[in-house]
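All remarks here apply to the structure that follows.
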Amino acid sequence: MAVEVLDDVERELHEATSRAATLVTSTSGRLFTVRPNPGSWSAAECLSHLSLSTQMFLPVLRKAIDEAKQRGLTAARAPKMDVLGRVLRWFLEPPTRIRSKTTAPFVPRSVRAKAEALNEFARLQEQLIDLLHDARAYDLQRIKVVSPFDKRVRYNVYSAFRIIAAHERRHLWQAEQAVAALRGNAAHAAA
Numbered sequence: 119m120a121v122e123v124l125d126d127v128e129r130e131l132h133e134a135t136s137r138a139a140t141l142v143t144s145t146s147g148r149l150f151t152v153r154p155n156p157g158s159w160s161a162a163e164c165l166s167h168l169s170l171s172t173q174m175f176l177p178v179l180r181k182a183i184d185e186a187k188q189r190g191l192t193a194a195r196a197p198k199m200d201v202l203g204r205v206l207r208w209f210l211e212p213p214t215r216i217r218s219k220t221t222a223p224f225v226p227r228s229v230r231a232k233a234e235a236l237n238e239f240a241r242l243q244e245q246l247i248d249l250l251h252d253a254r255a256y257d258l259q260r261i262k263v264v265s266p267f268d269k270r271v272r273y274n275v276y277s278a279f280r281i282i283a284a285h286e287r288r289h290l291w292q293a294e295q296a297v298a299a300l301r302g303n304a305a306h307a308a309a
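Dropping the structure here:
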């Protein structure tokens, strides 16, 4: 049972990588990098934000898994999300219910070429999946992590993996919406 819920997380992470690849390959460079309006992000910025987020989560999760290993907290049951984890996951699932601004370290500073952005995202996804594999033997429900987004927020490691997957779905949806809006604007202008 513990393996099944972690298999679900792994599947979600692979789906995010596939979805990002589809977005990149089906979008021209301009549609990928242009913001649909001044107050929103381009598809490239969404993908960059996800890469920045994963870069910040990886050491936090690695430290927590190492702690579980040192403390001998082996998995005896399927992990469950804690209350805060469930709330955050619900909040992050697309479509966006409530818009929120991210903190400064997670704001994309530059826009990369499509292939480079996708390669970076895919590379980090593989590191995240490798970490998930390392975590399978441990009780992910008992070890807490501090959110890299807000130091006041703590949730269990299993919740963190679920939150990451929901966060990816949110911003991939946002990226798809940005491209669709630009395509709609181009079609409207051509008419």
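Last residue of the sequence shown? That's 309 in my numbering, and every number before it is there in order. C-beta: ideal position from N, C-alpha, C; glycine also. Quick caveat, the model's predicted, so the values are computed rather than measured.
Please state whether the Cβ-Cβ distance between residue i and residue j is less than 8 Å.
i	j	result
glycine 203	tyrosine 273	yes
valine 263	leucine 206	no
leucine 131	leucine 246	yes
alanine 161	phenylalanine 239	no
serine 166	arginine 230	yes
What whole-angstrom Cβ distance do residue i and residue j have, given they're in contact under 8 Å?
i	j	result
arginine 287	alanine 134	7 Å
phenylalanine 100	serine 171	The shown model of the chain, from 119 to 309, leaves out residue 100, and the question about it has no answer.
arginine 199	serine 277	For the sequence presented, residue 199 should be read as methionine rather than arginine. About 4 Å separates the two Cβ atoms, so the contact holds.
proline 280	valine 127	The amino acid occupying residue 280 in the given sequence is arginine; proline does not appear at that position. About 7 Å separates the two Cβ atoms, so the contact holds.
In chain order, what residues of the same chain lie with their CB nearer than 6 Å to the CB of residue i, ignoring the 5 residues before and after it?
i	result
cysteine 164	His289, Gln292 and Ala293
aspartate 257	Leu191 and Ala193
leucine 149	Val297 and Leu300
lysine 187	none
proline 212	Arg287, Arg288 and Trp291
Would you identify the three-state DSSP class for residue i, choosing helix, strand or coil?
i	result
threonine 135	helix
arginine 189	helix
arginine 272	strand
valine 178	helix
lysine 232	helix
valine 297	helix
valine 263	strand
If I measure Cβ to Cβ from residue i and keep anything under 7 Å in the same chain, skipping five residues before and after, which residues do I get?
i	result
leucine 124	Leu250 and Arg254
alanine 182	Ile261, Val263 and Val275
alanine 284	Arg207, Leu210 and Glu211
proline 177	none
Cutting at 8 Å between CB atoms, please list the residues of its own chain near residue i, excluding the five before and the five after it.
i	result
glycine 302	none
serine 236	With the sequence shown as reference, residue 236 is identified as leucine, and serine is not the correct amino acid for it. If we look at leucine 236 and ignore the five residues flanking it on each side, its Cβ neighbours are Ala138, Ala139, Val142 and Leu165.
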